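Structure first, then comments.
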Amino acid sequence: MKWVRVGGHLQTMLLALGVVGAGTSVATALTFKSGELTNGIKYIAVQGEFEFDENLAPFAQLVKQTDPIFVSFNSPGGNPVKAMELGRLIRILNLATYQPRGSVECASACALAFLGGVVRMAEPGAIGVHKSSFSGSANLNLDAAVSQIQHVTAETISYMTEMGVDPALLELSLKYEKDDIRYLSKSEMTAYRVTTPMPSGDQNVASDQNIAPPAPTQLPAPRTTAALPDSSIPAIDARFEIPLARTGKVRHPEGSEFLRASTDQASQKLGMVKNGDPVSILNVYDRWYYVNVRGQTGYLHHNWVKVDQFVSMPFNNRYIQIASFDNYLETQAYMAKSSMRLTAYYATNHWFAVTLSGTYPAKRAAEALKVMKSNGSIPDDAFMTVGNTYVGKACCE
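Each residue of the sequence shown is one higher than the last, beginning at 27 in my numbering.
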């Protein structure tokens with residue numbers, strides 16, 4: 027997929043498709059239509075209101091048939107749960123979203139669907155937010171209605187976090203009633219991460235680079251010293267920059283693990299994944315990855331993903347880690363005093379792990395660990411690890 031200039035072309039093509047017309051209102055039923063820009067770039071236009079019982083299978087089928095790059099909307103909103111379902115489907119299918127301003131709109135629940143884009147572009151004033159009506163609660167008693175509103179609010183916050191959007195956007199939307207929509211400015215869309223940065227710095231123009239998922243959180247480099255003189259701020263060494271984790275494979279000592287519904291090991295199990303399953307990393311959180319594994323999305327702890335962008339070693343081998351330090355100077359000093367062949371790795375937790383040099387088949391590593399602990403050649407708290415959080419070598423075999 028390639029970046030293209032879409033602003034004026036998209037308006038023309040939406041009109042040509044009959045999806046919108048000047049001064050017309052959108053249809054009630056949700057519909058999906060494919061289109062193509064004059065330069066051959068394909069897209070899908072979503073029109074109408076989101077209903078709770080909406081069938082999104084036609085959308086997925088249209089994507090399969092037409093192979094579009096992005097999705098655009100003309101919708102006043104509707105049911106927020108269904109809008110989030112479409113947003114997640116857009117994310118799974120690796121589609122961008124683009125929203126022009128003018129004779130089309132994307133307001134209320136539609137904004138949630140827009141957030142599903144792996145890359146999100148919108149003209150200033152094109153995305154509108156306000157307090158949701160939570161359609162479907164009208165026939166409930168007060169307690170049930172309050173419970174439903176609380177549930178959907180919690181789900182919305184979780185969804186925004188999942189999509190890399192600042193949940194404070196929900197707080198802003200709750201200040202505006204349905205008849206008083208707040209259309210977001212360019213600076214607000216940037217601040218709330220409604221739109222994603224473009225490689226060229228221009229949200230309407232793209233280069234020949236491939237569309238990629240939103241940049242995962244860039245973790246800071248490990249600390250070089252315990253602290254700078256007369257300062258509580260640790261020093262940072264650019265040599266230990268941590269690359270963005272984008273792809274990898276499941277690697278767990280037990281051979282399998284569960285995808286989770288949130289960044290909590292006690293959260294709902296969404297499905298089992300097995301060692302060697304390919305992982306697309308959609309976003310990076312503190313100690314967790316939001317991933318797509320064979321078409322299913324969820325969260326995996328970073329301990330259980332062998333990241334392609336990190337240090338490489340035989341898949342089934344193990345490290346024997348004997349020490350760790352939160353700064354590089356102590357790491358160097360420890361290794362200088364040792365008579366053993368050691369290697370230090372900088373890790374995703376910003377610490378340095380000291381291991382025996384090389385890696386070993388799991389059975390051999392377990393035997394060596396037992397023997398070396400018994401004769402006192404390594405500390406009692408040394409352990410065997412798959413080393414999935416090791417980013418690269420810091421020094422010094």
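Even glycine gets a Cβ: it sits at the ideal position worked out from N, Cα and C. Only a predicted model underlies this, so the values are computations on that prediction, with no experimental measurement involved.
Coil, strand or helix - residue i by DSSP
i, result
"R219", "coil"
"Y354", "helix"
"K201", "coil"
"L121", "coil"
"F85", "helix"
"I348", "strand"
"G142", "coil"
"N343", "strand"
"P106", "helix"
"S226", "Since pLDDT at S226 reaches only 41, below the 50 mark, its modelled position is unreliable, and the value read off the structure follows with that caveat. Here S226 sits in coil by DSSP."
"F266", "helix"
"N414", "coil"
"A271", "coil"
"T374", "coil"
"S60", "strand"
"A394", "helix"
"A408", "coil"
"M147", "strand"
"Q91", "helix"
Euclidean distance between Cα positions of residue i and residue j
i, j, result
"D192", "L141", "11 Å"
"L326", "S306", "11 Å"
"L382", "P405", "12 Å"
"I67", "N342", "43 Å"
"P126", "P150", "8 Å"
"P279", "Q291", "17 Å"
"D93", "P84", "14 Å"
"A408", "K399", "8 Å"
"D206", "G297", "41 Å"
"M366", "Y345", "15 Å"
"F96", "M110", "17 Å"
"V145", "N120", "9 Å"
"E188", "A359", "41 Å"
"A394", "S293", "36 Å"
"N414", "E75", "45 Å"
"N230", "A133", "Here N230 scores only 40 on pLDDT, less than 50, and its place in the model is too uncertain to base an answer on."
"L198", "G128", "23 Å"
"L270", "S288", "21 Å"
"N100", "A122", "16 Å"
"G402", "F351", "21 Å"
"N375", "A86", "38 Å"
Identified DSSP bridge partners for residue i
i, result
"N309", "Y316"
"Y209", "G154"
"S288", "The partner list for S288 (beta bridge, DSSP) is empty, contrary to what the question assumes."
"G384", "According to DSSP, which records beta bridges pairwise, G384 is partnered with nothing at all."
"M361", "BP columns for M361 are empty, so no partner."
"M298", "F284"
"Q73", "T57 and N100"
"F16", "What is shown of the chain runs 27 to 423, which leaves residue 16 out entirely."
"T323", "N318"
"A133", "G154"
Contacting residues, own chain, Cβ-Cβ under 6 Å from residue i (five flanking each side not counted)
i, result
"K295", "F284"
"K212", "P150"
"Y209", "G151 and G154"
"D334", "T273 and G274"
"Y185", "M110"
Local Cβ density within 10 Å of residue i, reported as buried at 16 or more and exposed below that
i, result
"F78", "exposed"
"P106", "buried"
"V397", "exposed"
"K201", "exposed"
"P387", "exposed"
"P102", "buried"
"N81", "exposed"
"A139", "buried"
"A55", "exposed"
"A180", "exposed"
"S98", "buried"
Contacts around residue i, its chain only, beta-carbon distance under 7 Å, and the 5 residues preceding and following it disregarded
i, result
"P340", "T385"
"Y372", "P248, F266, F378, V417, G418 and A420"
"A164", "Interpretation of A164 is limited by its pLDDT of 45, a score under 50 that renders its predicted location unreliable; no figure is taken from the coordinates."
"T369", "T381, S383, K419 and E423"
"M215", "A148, I153 and T221"
"T57", "Q73 and G74"
"A135", "F76, G103, G104, N105, P106, A109 and S158"
"G44", "With a pLDDT of only 42 at G44, under the threshold of 50, the placement of this residue in the model should not be trusted, and no figure is reported."
"G302", "K275 and V276"
"A392", "M410"
Near the ligand GDP: residue i beta-carbon under 7 Å from a heavy atom
i, result
"S134", "In the structure shown, the ligand GDP is absent, as is every other ligand, since no ligand is present at all."
Sequence-distant residues of its chain with Cβ nearer than 8 Å to residue i (five each side left out)
i, result
"M361", "L368, A370, V380, C421 and C422"
"V337", "Y371, G413, Y416, V417, G418 and K419"
"A194", "Y218"
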